[in-house]
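There are 2 protein chains.
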Amino acid sequence: MILTVTLNAALDVTYRIGRLRPQGSNRVRATAERAGGKGVNVARVLHALGRPTAVTGLVGGLTGQAIRGELAAAGLADRMLAIEGESRRTVAVVEESVGDTTILLEPGPVVGAEEWAGFLDHLAALLPQAAAVVLSGSLPRGVPDDAYAQLLGLAHARGVPAVLDADGPVLRAGLPAGPDLVKPNADELAAATGLTDPVAAAGALVDAGAGAVVASLGPDGLIAVTPQGSWRARSPERLVGNPAGAGDAAVAALTLGLVTGTPWVDRLAEAVALSAAAVAAPLAGDFDPAVHRALRPRVDVQPLHRPRSS
Amino acid sequence: MILTVTLNAALDVTYRIGRLRPQGSNRVRATAERAGGKGVNVARVLHALGRPTAVTGLVGGLTGQAIRGELAAAGLADRMLAIEGESRRTVAVVEESVGDTTILLEPGPVVGAEEWAGFLDHLAALLPQAAAVVLSGSLPRGVPDDAYAQLLGLAHARGVPAVLDADGPVLRAGLPAGPDLVKPNADELAAATGLTDPVAAAGALVDAGAGAVVASLGPDGLIAVTPQGSWRARSPERLVGNPAGAGDAAVAALTLGLVTGTPWVDRLAEAVALSAAAVAAPLAGDFDPAVHRALRPRVDVQPLHRPRSS
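Chains as they are written, first to last, in the UniProt record's numbering: chain A, 1 to 310; chain B, 1 to 310.
As structure tokens, this is what we get:
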């Protein structure tokens, strides 16, 4: 199975209202709750594709219970580790009259040093069953800055390939541990390298330790810089919809490609098609299977000349 | 003990943020949670005054568990009845930079007919220990419109005096059952009667079945229309602060007066002082004891001429 790690798992709550009145009292028409965090989204996509997957990470309190209840309802194998603190909620306030969304992000729990040590043991016990491990998203407070480097070290010690999808200092701290793949978006790529050209920036991340880099550039598709070559992959159509979860769908496709050893051109076509199908679905972690099937044979993948970054 | 009933109990959540960016992503700096609903606030005030009290009502789901956990932490005797649905949350988003608050109110559970029948039995079993019962706030979905009339009938059948603090059609539906006291605010009084003069409107509620009416008019204090006479009571000072919970503090004072048979002039002075002390405290259900002590002897209570409402 593919094991996804969501250290800062969340309960994603959606409030539907007519129109938000700031500084006023707003009646919520309907609420919905779903387990969230990027690793959970990756696992949802893998599960919908019929691939064995399991989710791990840290959850706590009654919100943690709600996360686990929703994972069970979604049929996702739950290998979360319980912590003392209360898991965070994200609240998306959707204004039905205009389609705007206001997001409130709780700060989440503080993880103790013993809890972190316990998670290293917990992950080590899960790795023998894992074909690959996906490390996604932000770190909760209290977890060391090099948390992903520690987890990558554990995975590689057991010969398990690992994908890292993180941002800023958390991404940079993971690179020396040699993730097999990193998947920054355009902003994350620029912030991590200080370079504006995405191909040069992706090359800089390879130079810093990444086995391969696939950067998601929104409507401009994906670029890949790998030991086997560099490519740009684009959707034949521009889809409008919900971009949340599109990157997680790409990670799901790229991780499957890593596990099965599919040629890069096919991996990238699959990642673009699945990502576009995720944009077409209203909730992060879902994708529209008809869009996926229709786009898959039509994705354009072209070799790229990779400039030297140094 | 004084039993307070909160059929639509809530978990009141506070999010502290710098400044709310509508249609943006907002990081919450700190969260706080507290059991809420008007009856819970009344019980908090009674408990802080050292008076025996207990809270009942309907709670469900993980949010219901959180409500019960917070009641226990606050030392309030919990006689809530569990239901299948998930209790509601209210989210107050406080902008620390400007002091503004945006409120989001979840719709709350739908109560089944059998659950409502179960609550009637549950309340009947609690009434023998109750010196008075306080019925406060809105009704959850699924509960009959005349819910408070049914509860008033149970209380009176066992000789327990009852206070009703409700709004609009829910208040009107309760009046024929003869609540010993109702406590509308100015808006509720006008909405329930269509009359703009508060004294005439209070008289109309007495004519419709209320044993006595005490209306809270914000900075204009209280007016009381009772079988023993009519009065206006005012604070000697205008306090600025948080008006949420001020009405609940007045209900706590008035219910104590009902139980102990204190003369109306004293009940009203206590209600004004406690209400003002609640305005001086940041959270609904709390009051500032120093403000309460300082104002109590200085409240001005004057007899009123009661015009006929018909």
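Every residue gets a Cβ at the ideal spot worked out from N, C-alpha and C, and that includes glycine.
Treat the numbers as computed from the prediction; the structure is a model and nothing was measured.
I'd like to know if residue i contacts chain A, where contact means its C-beta is closer than 8 Å to some C-beta of that chain.
| i | result |
| --- | --- |
| S309 of chain B | Below a pLDDT of 50, predicted positions are generally treated as unreliable, and S309 of chain B, at 48, falls in that range; the measurement from the model is reported next regardless. No, its Cβ sits nowhere closer than 8 Å to a Cβ of chain A. |
| R27 of chain B | yes |
| L20 of chain B | yes |
| G168 of chain B | no |
| Y148 of chain B | no |
Chain B beta carbons: is any one of them nearer than 8 Å to that of residue i?
| i | result |
| --- | --- |
| D100 of chain A | yes |
| I2 of chain A | no |
| I103 of chain A | yes |
| A66 of chain A | yes |
With residue i as the anchor, note down where its beta strand (DSSP E) starts and where it stops.
| i | result |
| --- | --- |
| G142 of chain A | From DSSP, G142 of chain A is part of no beta strand (DSSP E); its letter is neither H nor E. |
| E33 of chain A | A30 to G36 |
| R298 of chain B | No beta strand (DSSP E) holds R298 of chain B; DSSP gives it neither H nor E. |
With DSSP run on the structure shown, which of helix, strand or coil describes residue i?
| i | result |
| --- | --- |
| N41 of chain A | helix |
| Q65 of chain A | helix |
| residue 327 of chain B | Lying outside 1 to 310, the shown extent of chain B, residue 327 of chain B is not represented and no answer is given. |
| E95 of chain B | strand |
| G60 of chain A | strand |
| V5 of chain A | strand |
| S309 of chain B | Caution is warranted here: a pLDDT of 48 is assigned to S309 of chain B, below 50, making its placement in the model unreliable, and no coordinate value can be reported. |
| V213 of chain B | strand |
| V240 of chain A | coil |
| S87 of chain B | coil |
| S235 of chain B | coil |
| R293 of chain A | helix |
| A130 of chain A | coil |
| A74 of chain B | coil |
| G168 of chain B | helix |
| L222 of chain A | strand |
| R21 of chain B | coil |
| V160 of chain A | coil |
| L105 of chain B | strand |
| G229 of chain B | strand |
| L81 of chain B | strand |
| D12 of chain B | strand |
| L135 of chain A | strand |
| L181 of chain B | strand |
What in chain B is Cβ-close to residue i, meaning under 9 Å?
| i | result |
| --- | --- |
| T31 of chain A | E86, R88, R89, E106 and P107 |
| G36 of chain A | Neighbours of G36 of chain A on chain B: none; closest Cβ ~14 Å, over 9 Å. |
Whole-angstrom Cβ separation of residue i and residue j, contact assumed at under 8 Å?
| i | j | result |
| --- | --- | --- |
| A149 of chain A | G112 of chain A | The Cβ separation is near 20 Å, so there is no contact. |
| R88 of chain A | G108 of chain A | 3 Å |
| G211 of chain B | P179 of chain B | 7 Å |
| A132 of chain A | V259 of chain A | 5 Å |
| S235 of chain B | G257 of chain B | S235 of chain B to G257 of chain B, Cβ: 17 Å. No contact. |
| D12 of chain A | T63 of chain A | Wrong, their Cβ atoms sit about 11 Å apart, outside the cutoff. |
| T56 of chain A | L135 of chain A | In fact, because the Cβ distance is near 10 Å, the residues do not count as touching under 8 Å. |
| G137 of chain B | N8 of chain B | 6 Å |
Name, please, each residue of chain B whose Cβ falls closer than 8 Å to the Cβ of residue i.
| i | result |
| --- | --- |
| G245 of chain A | What G245 of chain A touches in chain B: nothing, since even the nearest Cβ is about 15 Å away. |
| G24 of chain A | T102 and I103 |
Please compile the residues from chain B whose C-beta is within a distance smaller than 7 Å of the C-beta of residue i.
| i | result |
| --- | --- |
| V93 of chain A | L104 |
Name, please, each residue of chain A whose Cβ falls closer than 7 Å to the Cβ of residue i.
| i | result |
| --- | --- |
| L62 of chain B | L62, Q65 and A66 |
For the ligand ATP, I want to know if residue i counts as a neighbour, meaning its beta carbon is within less than 7 Å of at least one of the ligand's heavy atoms.
| i | result |
| --- | --- |
| A74 of chain B | Questions concerning the ligand ATP fall outside what the structure shown contains, since it holds no ligand whatsoever. |
In the DSSP assignment, the alpha helix (DSSP H) including residue i goes from what residue to what residue?
| i | result |
| --- | --- |
| A192 of chain A | A186 to T193 |
| T260 of chain B | A246 to T260 |
| G285 of chain A | Where G285 of chain A is concerned, there is no enclosing alpha helix (DSSP H), given that its DSSP letter is neither H nor E. |
| W207 of chain A | Reading off the sequence, residue 207 of chain A comes out as Asp, not Trp. Segment P198 to D207, the alpha helix (DSSP H) holding D207 of chain A. |
| D266 of chain A | W264 to V279 |
Just checking: is the beta-carbon of residue i within a distance shorter than 8 Å of some beta-carbon in chain D?
| i | result |
| --- | --- |
| A149 of chain A | Among the chains of the structure shown, chain D does not appear; the protein chains present are A and B. |
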